[in-house]
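Chemist:
Residue numbers (our numbering), protein chains in the order written: chain A, 3 to 259; chain B, 396 to 675.
(1) Rounded to a whole number of angstroms, what is the C-alpha to C-alpha distance between residue 184 of chain A and residue 249 of chain A?
(2) Return the first residue and the last residue of the alpha helix (DSSP H) that residue 128 of chain A is part of.
(3) Is residue 590 of chain B closer than 8 Å to residue 471 of chain B when the C-beta atoms are compared?
(4) Answer with yes or no whether the minimum CB distance from residue 664 of chain B to chain A is below 8 Å.
(5) Jot down the residue ranges of each uninterrupted beta strand (DSSP E) in the segment 171 to 206 of chain A, minimum 3 residues, whole runs only, in chain order.
(6) Within 8 Å of any Cβ in chain B, is that where the Cβ of residue 134 of chain A sits?
(7) Beta-carbon of residue 341 of chain B versus every beta-carbon of chain A: anything under 8 Å?
(8) List the residues that DSSP assigns as beta-bridge partners of residue 36 of chain A.
(9) Give a yes or no on whether 8 Å exceeds the smallest Cβ distance from residue 558 of chain B to chain D.
(10) Can you list, in chain order, the residues of its chain with a C-beta nearer than 7 Å to that of residue 450 of chain B? Leave out the 5 residues immediately preceding and following it.
(11) Using a cut-off of 8 Å between C-beta atoms, extract the partners of residue 576 of chain B located in chain A.
(12) Select from A/26, A/81, A/70 and A/63 the residue whose C-alpha is nearest the C-alpha of residue 166 of chain A.
(13) So is residue 565 of chain B in contact with chain A if we call contact Cβ pairs under 8 Å?
(14) Start and end of the beta strand (DSSP E) containing residue 10 of chain A?
(15) Counting pairs of beta carbons, one from the segment 99 to 119 of chain A and one from the segment 190 to 197 of chain A, are three or more of them closer than 8 Å?
(16) So with Cβ pairs under 8 Å, would you call residue 109 of chain A a contact of chain B?
(17) How is residue 437 of chain B classed by DSSP in three states: helix, strand or coil?
(18) Tell me, please, which residues DSSP counts as bridged to residue 219 of chain A.
(19) In three-state terms, what does DSSP make of residue 162 of chain A?
(20) Do the segment 423 to 442 of chain B and the segment 632 to 641 of chain B make contact, defined as three or more Cβ pairs closer than 8 Å?
(21) Taking only three categories from DSSP, how would you classify residue 631 of chain B?
(22) Please classify residue 120 of chain A: is it buried, with 16 or more other beta-carbons within 10 angstroms of its beta-carbon, or exposed?
(23) Report all residues from its chain with a CB closer than 6 Å to the CB of residue 408 of chain B; omit the five preceding and five following residues, and keep chain order.
(24) Would a check of beta-carbon distances place residue 612 of chain B closer than 8 Å to chain A?
(25) Can you name, in chain order, every residue of its own chain whose Cβ lies under 8 Å from the Cβ of residue 212 of chain A, other than the five neighbours on each side?
(26) Tell whether a beta-carbon distance below 8 Å holds between residue 152 of chain A and residue 182 of chain A.
(27) Does the separation of the CB atoms of residue 581 of chain B and residue 658 of chain B fall below 8 Å?
(28) Does the CB of residue 548 of chain B have a neighbour CB from chain A at under 8 Å?
(29) Quick check on DSSP: helix, strand or coil for residue 145 of chain A?
(30) Going by the beta-carbon positions, is the gap between residue 490 of chain B and residue 473 of chain B smaller than 8 Å?
(31) When burial is assigned at 16 or more other CB atoms within 10 Å of the CB, is residue 247 of chain A buried or exposed?
(32) Does the ligand ADP have a heavy atom nearer than 7 Å to the CB of residue 415 of chain B?
(33) In chain order, what residues of the same chain have a beta carbon less than 7 Å from the beta carbon of residue 125 of chain A, not counting five sequence neighbours either side?
(34) Less than 6 Å between C-beta atoms, sequence neighbours within five positions excluded: which residues of the same chain meet that for residue 3 of chain A?
(35) So, helix, strand or coil for residue 247 of chain A, using DSSP?
(36) Tell me the rounded alpha-carbon separation between residue 131 of chain A and residue 177 of chain A.
This is the structure in structure tokens:
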């Protein structure tokens, strides 16, 4: 079933109290698309992800996820591998790397069942993919933020989802780890054809892999393949700052100034 | 006092059974309470339980049953406020905490004849719980242990990150309310033995001590249970000694909490999380 619509949003508006977070969003996403989402702080990027996850109710509009009408609830959410922004954690919280990654398996079952050998195998494989196999029994709070993010990626890999929703997974981490995470996600996207939503500030790292990019500023400002959508003018209007475009190895890079 | 002779007294045996169960349920739930950041919330629930007990006396109803209902309602209400997050959580609990305590003391003032009996619920007592209270405590213990066995992974996930648990497809909000209800029931069941002013200490301190010593959640639960039972057992035992042998009037809750706190200081000083060495 090629080109199956996996997300359909029509005329969606989300409000926090009186404040409009996103408005009048119309968007169809097909199975297997790699979508980037950019926009200034407060433009509604995280809101868009939470809406897709079913954590937020739209004030108006219609939403269909996995072909199902209405807000996504319960077990269906376990089909989505979600990495939230800056997960903060108490350094002394009694949790080890393997426990965090194992949480990706929790929603696979109903109540009363604990993960077994098969789950452990999947979790360890996932940790191996992100280069964290040597740390499985290390307390999670003792890791660097880059290592913690690798473990978060391992958690969503262990979940074996049908869709990734990634909220700035490469924010505040070093270039090496950024590279590992982006390579891993693009690799999995390519081999398993998993629909991927990637919210990012650092557009340069990503554009070459994206099928489409969404420029969000409460409503959809521009959407389409990066080569068609991104230019100096669009980014200047989006971020209210002067941007210069540089060609490099067949792609375009953008710098402020 | 000889321990052998002491243990032979029937009412001592019953009191010790009560102390062990109280220590067990409070300390087990305590691990989830402190990790989820609900310590302050549990104080509010305890105050509401006491207000409920006082209300029971006034209405001529079973005070513990009344305390149970009021504390469950309060737990759900505080939980609801915390989920809405319209007011900063510590502020909203601060208001509740003071309000429920004020109500409790106000009702206590309406009952001058029963002030002495109500004092037991405030500070804890050696006087034997009624058969109803013992039955409640035993049922609560069974419920708490079964709930933790059945929902261990879910409770662990919501204490680690409730939003993520919800996003992963677990009914995290429901589990959060369920956890709060377990806390409320445990507080009411422990109320007479420990007293409302200190019952939350029996929830928080053993669990905090355990978390000083390990990064493994299962070990934290075991250690917390050991510390909780030790504190409450020694607390009751020492209260008997001081009150019956020495003729003092030391509240049992106070003795338990002092012992629990001594264990906490010991745990902190031995904690690998603050210094060198391996963890359990």
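We treat Cβ as the ideally placed atom computed from N, Cα and C, and that holds for glycine. If you're wondering where the values come from, they're calculated on a predicted model, not measured in any experiment.
Modeler: Taking the definition as stated:
(1) 21 Å
(2) 119 to 131
(3) no
(4) no
(5) 197 to 201
(6) no
(7) Chain B is shown only over 396 to 675; residue 341 of chain B falls outside these bounds and no answer can be derived.
(8) A/198
(9) Absence of chain D from the displayed structure is noted, the protein chains being A and B.
(10) 461, 465 and 502
(11) Chain A residues near residue 576 of chain B: none, gap ~16 Å exceeds 8 Å.
(12) A/81
(13) yes
(14) 7 to 18
(15) no
(16) yes
(17) helix
(18) A/221
(19) coil
(20) no
(21) helix
(22) exposed
(23) none
(24) yes
(25) 36, 37, 38, 200, 227 and 228
(26) yes
(27) no
(28) yes
(29) coil
(30) no
(31) exposed
(32) This structure lacks the ligand ADP, and indeed carries no ligand of any kind.
(33) 100, 103, 104, 107 and 160
(34) Annotation note: pLDDT 46 at residue 3 of chain A (below 50); position unreliable, coordinate value reported separately. Cβ neighbours of residue 3 of chain A beyond the five flanking positions: none.
(35) strand
(36) 18 Å
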